[in-house]
Each structure stands twice: as C-alpha cells, then as structure tokens.
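S.K.: Handing you a structure now.
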Amino acid sequence: MAVSTVPTRHQGGGLAPMTVHRLTPTWPSPKALVELVKAEYRDVCCYNEDRVFEVVPTGGSTWTATIGSEQNIRYRVEGRGQVAGREATCLKTADGTLIRCAFAAPGSPEEEELKRREQEKQKPKDDGAPAPGRVDLSTYTPEQLAELQKRLSDEFLRRLRDGGT
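Quick note on my numbering: the sequence shown kicks off at 121 and runs consecutively.
Take a look at the structure:
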C-alpha cells in the first residue's frame, strides 16, 4: 500500500513535487486510529460538535488526525508508527503548537520540546527582583510606609463615599 503527498506551499513555475510513501507495514483501518485518538486525548475529543473528522497519512509511518468541526479545526494529533505496539502521538493546536504527547518518539522534536519545558519548570523563578507591578516594601523608610498607608486609607474612604468607583 502507498500514499502520495504534495506540499501545500510551492514556489516556481513548475508543478509541486509529489512524494510517494510506501506504508510499511500496511496501516490498520483509519477507524483504529480514530479510536486511539479518542482514548489518548479524551479530555479534548470529542465534545459538542467536535469529532475526529480526518485521518491523513503524512509519510510512510506518520499520520495526522484533525479534531474539531467542519467550521473550526481546534486540534491536530500527529502520530508515528502503528497502532499495535508503542504508538507515538502528540496533541497540537490547529496552528501546530505542541500541547502534550501521549508518547513522544525518542529523538523527535516533540520529545526535545517536552524536555525543554520540564527544565523550564524546574528552574528557580526567584531572581531577587520583585514581580512586575509589585514593590519591595522592605526598602521603604518608616515615613514612606506611613505615607503609603495614609494614601491607601484615603482611597478606601473615597471609594466607599463614591459607591465603589
């Protein structure tokens, strides 16, 4: 079994190149892939009008399933390998931003992105600077703190008199 692909963007005066991919091993039914998507990403599939409405081979062992409605594509699931065995699938937004993977293929760009995100989470976030929009009150003198307290009290009274605006 084989499938051909043509790039959606092509420049030049000639025809876009067509690539023929031999499906090795032969695919299971598209319905099996739909069931896999529903099982692995049940929190996003399939509510209201959303459904898996397209499963398309994108290479010899890769495929993409589209989740959403005919009017609104919300997600894509990109898969690699076969349903039988360890299937690598990743959920992405319609524009291709990685959300998560049920299993990322070793060495894939998705696996690298997930590792990078995990490292970001583990980095300490306190660099000593106050968060944007916040002031480090420990640097204020007692007179400055008293003035700040007075201004705050005056603002509370003004808002209570004006009905909260």
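Positions of the beta carbon are idealized from the N, C-alpha and C atoms, including for glycine.
As the structure is a computational prediction, the values presented were derived from the model and not from experiment.
For Ser189, which residues in the same chain have their Cβ closer than 7 Å to its Cβ, ignoring the five residues on either side in sequence?
M.R.: Cβ neighbours of Ser189 beyond the five flanking positions: Glu169, Asp170.
S.K.: Rounded to a whole number of angstroms, what is the C-alpha to C-alpha distance between Val123 and Leu234?
M.R.: The alpha-carbon atoms of Val123 and Leu234 are separated by roughly 30 Å.
S.K.: Taking its Cβ as the centre, do 16 or more other Cβ atoms sit within 10 Å of Glu160, making it buried, or is it exposed?
M.R.: With 16 or more Cβ atoms within 10 Å of its Cβ, Glu160 is classed as buried.
S.K.: Could you have a look at Lys151 and say whether DSSP puts it in helix, strand or coil?
M.R.: Here Lys151 sits in helix by DSSP.
S.K.: For the beta strand (DSSP E) holding Ser124, just list the boundary residues, first then last.
M.R.: Residues 122 to 125.
S.K.: Helix, strand or coil: which one does DSSP assign to Val157?
M.R.: Residue state, collapsed to three classes: helix.
S.K.: Does DSSP put Lys270 in a helix, in a strand, or in coil?
M.R.: If DSSP states are grouped into helix, strand and coil, Lys270 belongs with the helices.
S.K.: Give the straight-line distance between the Cα atoms of Thr186 and Tyr195, rounded to the nearest whole angstrom.
M.R.: Answer to the nearest angstrom: the Cα atoms are 6 Å apart.
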